[in-house]
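Q:
In UniProt numbering, the protein residues as written are 1 to 416.
#1: Which residues share a DSSP beta bridge with residue 83?
#2: Run through DSSP, which three-state label would residue 251 get?
#3: Span of the alpha helix (DSSP H) holding residue 280?
#4: Helix, strand or coil for residue 389, going by three-state DSSP, please let me know.
#5: Go through its chain and collect everything with a Cβ distance to residue 114's Cβ below 7 Å, but skip five positions before and after it.
#6: Where does residue 48 fall in DSSP's three states?
#7: Going by C-alpha distance, which of 177, 184, 126, 222 is nearest residue 197?
#8: Name the two residues that bound the continuous alpha helix (DSSP H) containing residue 135.
#9: Pairs of beta-carbons, one from the stretch 277 to 295 and one from the stretch 216 to 236, closer than 8 Å: are there three or more?
#10: Select from 372, 313, 238 the residue whose C-alpha is nearest the C-alpha of residue 345.
#11: Mapping the DSSP letters down to three states, classify residue 238 as helix, strand or coil.
#12: Got a sec, what are the start and stop residues for the alpha helix (DSSP H) residue 103 sits in?
#13: Give the secondary structure of residue 259 by DSSP, where H, G and I count as helix, E and B as strand, and everything else as coil.
#14: Once DSSP output is grouped into helix, strand and coil, what is the label at residue 36?
#15: So which of 395, 402, 412 has the shortest CA-CA distance to residue 354?
#16: Strictly by DSSP, which residues pair up with residue 297?
#17: Do you know whose CA, among 274, 183, 350, 275, lies nearest residue 330's CA?
#18: Can you give the Cα-Cα distance for residue 338 and residue 203, rounded to whole angstroms?
#19: What is the rounded straight-line gap between the Cα of residue 271 and the Cα of residue 251?
#20: Note down the Cα distance separating residue 69 from residue 143, rounded to an integer number of angstroms.
#21: Does DSSP classify residue 198 as helix, strand or coil?
#22: So, is residue 186 buried or exposed, given that buried needs 16 or more other C-beta atoms within 10 angstroms?
#23: Does the distance from the C-beta atom of residue 74 to that of residue 126 stay below 8 Å?
#24: From which residue to which residue does the alpha helix (DSSP H) around residue 356 run?
#25: Please identify the residue among 378, 51, 181, 404 whose C-alpha is closest to the C-alpha of residue 362.
#26: Got a sec? Which residues, its chain only, sit under 6 Å from residue 266 by beta carbon, not counting five neighbours each side?
#27: Under a three-way DSSP split, which group does residue 384 fall into?
#28: Do residue 343 and residue 357 have their CB atoms nearer than 8 Å?
#29: Write down every uninterrupted run of the alpha helix (DSSP H) in the stretch 304 to 362 whose length is 4 residues or greater and which is fully enclosed by it, in chain order.
#30: For the structure I just gave you, are there three or more beta carbon pairs, one from the stretch 147 to 167 and one from the stretch 297 to 317, closer than 8 Å?
#31: I'd like to check one pair, residue 105 with residue 90: are the Cβ atoms closer than 8 Å?
#32: Comparing alpha-carbon positions, which option in 112, 309, 364 lies nearest residue 211?
#33: Which partner residues of residue 210 appear in the DSSP bridge assignment?
#34: From this set, 147, 286, 61, 269, which residue's C-alpha is nearest residue 26's C-alpha?
#35: Taking DSSP's pairing of strands, which residues face residue 53 in a bridge?
#36: So the beta strand (DSSP E) residue 28 belongs to, where does it begin and stop?
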């Protein structure tokens, strides 16, 4: 599916372990003895971005991602600036099964998230920032935290209020009123949930899905995991986003219905990635695919690793239709400093391709509003807003070495 943030499929069999430091057990803890504390987060395209500092350094933005085990810092230059100590170098396999990434291990770090702190935390520090998330999200993202944050305490994720609630471990022994409950299973420190998918053409399939708060798709199905997974009649071939190992490609379509317990989601936009050299690991895990934030953000969640369960109820966005980009444009940011927006790709047989948009076109205004007044989230929301809507662009294009300003329009049309 067209992605406004990368699908984060970090694939490595390496599990980091921290040595005990001064008798401390690695994990995240409340600083004070309270029943619960609230942590605000930034919500960008349903991604959970948490401000924190490492070793009393400057504030950084980290993505909260249930799909990863290890803490990851995207840039060694940041690690050097905050004085991280490295003990060894690792080569990691990227999600495309081909790209090899170099990372350094920094053990025994302290994370400060306001009322919550991470003690004795190991970090994988990438030599280079391969993801460049700021260009596809529009805000700086410096790293990822995953399993370590959830492993000892129940955590409520309220996408409507943009708050995390971090509970004391002995709280929530009973299910709160209004919440449904479903069991979690774990493999390689990652949470899985049993689900049912009703396909448009094909069988109803059941199996386990990875709960992945760090991916902004709704549903992702790996066709190589089951012969029962079929492409819907109406689908498009597209790139599905960027991972630590490069761009991922495949198809986007819809399923008739997705059921999490007895809660049903209809006409869900679904990604069907191509098979890669990493597919064997996915098959061995026994999962059919993953459940991303476009579904998760329609609920309020209590993710309870200690009790191996997830509590959930309908959120404010539950009844919002699942929509796919209706323009065929993918827009990226040059950098946060420049804040210039350009077309990175154009979907074939889309409204944008029929109106001769080209990769590299710089966007100067949208609907007569200068681009300085837009952000990536607002642009992407507009491009999937309403069939028949007319959007007027002013673009700058290099034509035979001459920079020309052109006015173009798109009439949005459902592609799925």
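Ideal Cβ placement from N, Cα and C applies to all residues, glycine included.
A: Checking against the coordinates, here is how it stands:
#1: Within the chain shown, numbered from 1, the residue matching residue 83 stands at position 83. Its beta-bridge partners do not exist; DSSP assigns none.
#2: As a working note, residue 251 is residue 251 in the chain shown. Strand.
#3: Walking along the chain shown from the start, residue 280 turns up at place 280. For residue 280, the enclosing alpha helix (DSSP H) covers residues 279 to 285.
#4: Along the chain shown, one-based indexing puts residue 389 at 389. Judged by DSSP in its simplified three-state form, residue 389 adopts coil rather than helix or strand.
#5: The residue you call residue 114 lines up with position 114 of the chain shown. Here residue 114 has 39 as same chain residues with Cβ atoms under 7 Å from its own Cβ, once five neighbours each way along the sequence are excluded.
#6: Translated into positions along the chain shown, residue 48 becomes position 48. The DSSP-derived three-state label of residue 48 is strand.
#7: By one-based count along the chain shown, residue 197 stands at place 197. The alpha carbon of residue 197 has as its nearest neighbour, out of 177, 184, 126, 222, the alpha carbon of 222.
#8: To locate residue 135, count along the chain shown from 1; it is residue 135. Membership of residue 135 in the alpha helix (DSSP H) is indicated by the continuous run 133 to 137.
#9: Two segments are said to touch when three or more pairs of C-beta atoms, one from each, lie closer than 8 Å; by this definition the stretch 277 to 295 touches the stretch 216 to 236.
#10: What you label residue 345 is simply residue 345 of the chain shown in a count that begins at 1. Nearest to residue 345 by C-alpha distance, out of 372, 313, 238, is 238.
#11: Translated into positions along the chain shown, residue 238 becomes position 238. Residue state, collapsed to three classes: strand.
#12: As a first step, residue 103 must be located in the chain shown, where it is residue number 103. If you look at residue 103, you'll find it isn't in any alpha helix (DSSP H); it sits in the beta strand (DSSP E) that goes 100 to 112.
#13: As a working note, residue 259 is residue 259 in the chain shown. Correct three-state label for residue 259: strand.
#14: Working through the chain shown from its first residue, we reach residue 36 at position 36. In the three-state DSSP reduction, residue 36 falls in the strand class (E or B).
#15: Your numbering for residue 354 matches position 354 in the chain shown. Of the candidates 395, 402, 412, the one whose C-alpha sits nearest the C-alpha of residue 354 is 412.
#16: Mapped onto the chain shown, residue 297 falls at position 297. Partner(s): none; residue 297 has no beta bridge.
#17: Numbered from 1 along the chain shown, position 330 holds the residue referred to as residue 330. Here the closest residue by C-alpha is 350.
#18: The residue given as residue 338 occupies position 338 in the chain shown. The residue given as residue 203 occupies position 203 in the chain shown. Looking at the two C-alpha atoms, the distance is approximately 49 Å.
#19: The residue labelled residue 271 in the question sits at position 271 within the chain shown. The residue labelled residue 251 in the question sits at position 251 within the chain shown. When only Cα atoms are considered, residue 271 and residue 251 end up about 6 Å apart.
#20: For the purposes of this step, residue 69 is taken as the residue at position 69 of the chain shown. For the purposes of this step, residue 143 is taken as the residue at position 143 of the chain shown. About 13 Å.
#21: As a working mapping, residue 198 is identified with position 198 in the chain shown. In the three-state reduction of the DSSP assignment, residue 198 falls in the strand class.
#22: Taking the chain shown and counting its residues from 1, one reaches residue 186 at position 186. When all chains shown are included, residue 186 counts as exposed.
#23: What you label residue 74 is simply residue 74 of the chain shown in a count that begins at 1. What you label residue 126 is simply residue 126 of the chain shown in a count that begins at 1. Going by beta carbons, residue 74 and residue 126 fall inside the 8 Å limit.
#24: What you label residue 356 is simply residue 356 of the chain shown in a count that begins at 1. Premise fails: residue 356 is in no alpha helix (DSSP H) and is neither H nor E.
#25: Against the chain shown, residue 362 aligns to sequence position 362. Comparing Cα-Cα distances from residue 362 to each of 378, 51, 181, 404, the minimum goes to 404.
#26: The residue given as residue 266 occupies position 266 in the chain shown. 257.
#27: For the purposes of this step, residue 384 is taken as the residue at position 384 of the chain shown. In the three-state DSSP reduction, residue 384 falls in the coil class, being neither helix nor strand.
#28: Your numbering for residue 343 matches position 343 in the chain shown. Your numbering for residue 357 matches position 357 in the chain shown. Their beta carbons are under 8 Å apart, which means residue 343 touches residue 357 by this criterion.
#29: Secondary structure remark: continuous alpha helix (DSSP H) runs of at least 4 residues inside the stretch 304 to 362, in chain order: 351 to 354.
#30: Enough Cβ pairs lie closer than 8 Å, so yes.
#31: Within the chain shown, residue 90 is the residue found at index 90, counting from 1. Within the chain shown, residue 105 is the residue found at index 105, counting from 1. If you check the CB distance, residue 90 and residue 105 come in under 8 Å.
#32: Here residue 211 refers to the residue found at position 211 when the chain shown is read from its first residue. For residue 211, the closest C-alpha among the options 112, 309, 364 is that of 309.
#33: Counted from its first residue, the chain shown places residue 210 at position 210. Paired residue(s): 192, 290.
#34: Residue mapping note: residue 26 aligns to position 26 of the chain shown, counting from 1. Proximity to residue 26 across 147, 286, 61, 269 peaks at 147, based on C-alpha coordinates.
#35: The residue you call residue 53 lines up with position 53 of the chain shown. DSSP lists 112 as partners of residue 53.
#36: Working through the chain shown from its first residue, we reach residue 28 at position 28. Its beta strand (DSSP E) spans residues 27 to 30.
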